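Reviewing the structure listed below.
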Amino acid sequence: PTPGPVPRERPPVFESPATRLVGTAPDTGSESPATRLVGTAPDTGADSPSARLVAAALEARAEYIHLQEGGGDLHIRLRRAGVLEPVPFQPPVSGRSLLNQLKALAGLSSAEGKEQQRGHFRLNLGGGAVTVSAVFTPTSRGERAVLRLDTTRAGVPTFEELMVPDRLAALLREAAEGRHGLIIISGPPFSRKKDLAYALLAELDKGSRAVLTVEEHTTFSLEEVDTLRPRPEEGFSYTDAVEAALEQDPD
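The sequence shown begins at 662 in my numbering and counts up one residue at a time.
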């Protein structure tokens, strides 16, 4: 049988932390909360507007931040559980400085606006680390940016938490007991493919097996599972990582 996609529970509707951070009250002449979020200074510290925006997105359990220039404004949306939700506020025109600040954090040029740019940076927020992968792309309306938020989580979900049908869970467990073979987990973005793979890894008897993973973004941490991270910019590709893993006598 062909298993259907693993359903993903959508988090409840939320009052966006970004809304609380930025606010929507009219400017009364003093420095408004919106000005404090977007700002104009090239501050890239832990309390910078960009860091506070990432912290707000994490608090909202968002996986991606979308930023789009248009009509002189910077429109910000958060993707949670696969759904894009507009952040209910309009940042000021100086939102351009927020894009430039994010570019500075990612080691990119703020002067470049005609070519796509990719970069990443790491922030320590509230005692936890988050890796942000950023892609800036010029469009007909202005520059567009997408930030992917990756945090390392120790808690691996179970089949029950992922609402995996009993029949599918039994098929996966049976396949995982084999000493050779291939399991392909496919699905659209945000269908929790990695969560399902790690739920299966968590059930394996890793004490009697050598288990390695090859991942660009490390989301979970399991004891006795070693992760190889491809670094194409340093000449270490996915192919190299898989070959390196195979040389470690894995099961």
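C-beta atoms are modelled at their ideal positions from N, C-alpha and C, and glycine is treated no differently. Since the model is a prediction, treat every value here as computed from it, not as a measurement.
Nearest residue (CA-CA) to residue i, options the options
{"i": "Ala837", "options": "Ser711, Leu865, Ala717, Glu904", "result": "Leu865"}
{"i": "Leu810", "options": "Lys764, Ser709, Leu719", "result": "Leu719"}
{"i": "Val817", "options": "Leu883, Ile845, Leu763, Val793", "result": "Leu883"}
{"i": "Ala905", "options": "Glu895, Ser847, Thr874, Arg740", "result": "Thr874"}
{"i": "Ala860", "options": "Glu895, Leu823, Arg757, Ala871", "result": "Leu823"}
{"i": "Ala712", "options": "Glu773, Arg741, Arg757, Val791", "result": "Val791"}
{"i": "Asp779", "options": "Pro893, Ser758, Val872", "result": "Note that residue 779 is Arg in the sequence shown here, rather than Asp. Checked all of Pro893, Ser758, Val872; the closest Cα to Arg779 is Pro893."}
{"i": "Lys867", "options": "Ser758, Glu804, Arg840", "result": "Arg840"}
{"i": "Lys775", "options": "Phe782, Pro747, Glu804", "result": "Glu804"}
{"i": "Ala723", "options": "Thr812, Gln909, Leu832, Gly732", "result": "Thr812"}
Helix, strand or coil at residue i according to DSSP, with G and I counted as helix
{"i": "Ser794", "result": "strand"}
{"i": "Val872", "result": "strand"}
{"i": "Leu889", "result": "strand"}
{"i": "Thr900", "result": "helix"}
{"i": "Pro849", "result": "coil"}
{"i": "Pro710", "result": "helix"}
{"i": "Ala906", "result": "helix"}
Assigned exposure category for residue i - 16 Cβ within 10 Å defines buried
{"i": "Leu764", "result": "For the sequence presented, residue 764 should be read as Lys rather than Leu. Buried."}
{"i": "Ser801", "result": "exposed"}
{"i": "Asp887", "result": "exposed"}
{"i": "Ile845", "result": "exposed"}
{"i": "Val793", "result": "buried"}
{"i": "Val710", "result": "Rather than Val, the amino acid found at residue 710 in this sequence is Pro. The residue is buried, with at least 16 neighbouring Cβ atoms inside 10 Å."}
{"i": "Gln762", "result": "buried"}
{"i": "Gln777", "result": "exposed"}
{"i": "Ala772", "result": "exposed"}
{"i": "Leu808", "result": "buried"}
{"i": "Arg740", "result": "buried"}
{"i": "Ala717", "result": "buried"}
{"i": "Val744", "result": "exposed"}
{"i": "Leu843", "result": "exposed"}
{"i": "Glu730", "result": "buried"}
Please go through the stretch 803–836 and give each complete beta strand (DSSP E) segment of 3 or more residues, from N-terminal end onward.
Whole beta strand (DSSP E) segments, 3+ residues: 803–812.
Those runs of the beta strand (DSSP E) which lie wholly inside the stretch 726–790 and span at least 3 residues
Whole beta strand (DSSP E) segments, 3+ residues: 734–741, 744–747, 778–786.
Three or more C-beta pairs under 8 Å: does that hold for the stretch 735–745 against the stretch 761–778?
In the pairwise beta carbon analysis, the stretch 735–745 is classified as not touching the stretch 761–778: fewer than three pairs are separated by under 8 Å.
Are there three or more Cβ pairs, one per stretch, closer than 8 Å when the stretch 779–793 is compared with the stretch 851–858?
Counting Cβ pairs under 8 Å, fewer than three are found: no touch.
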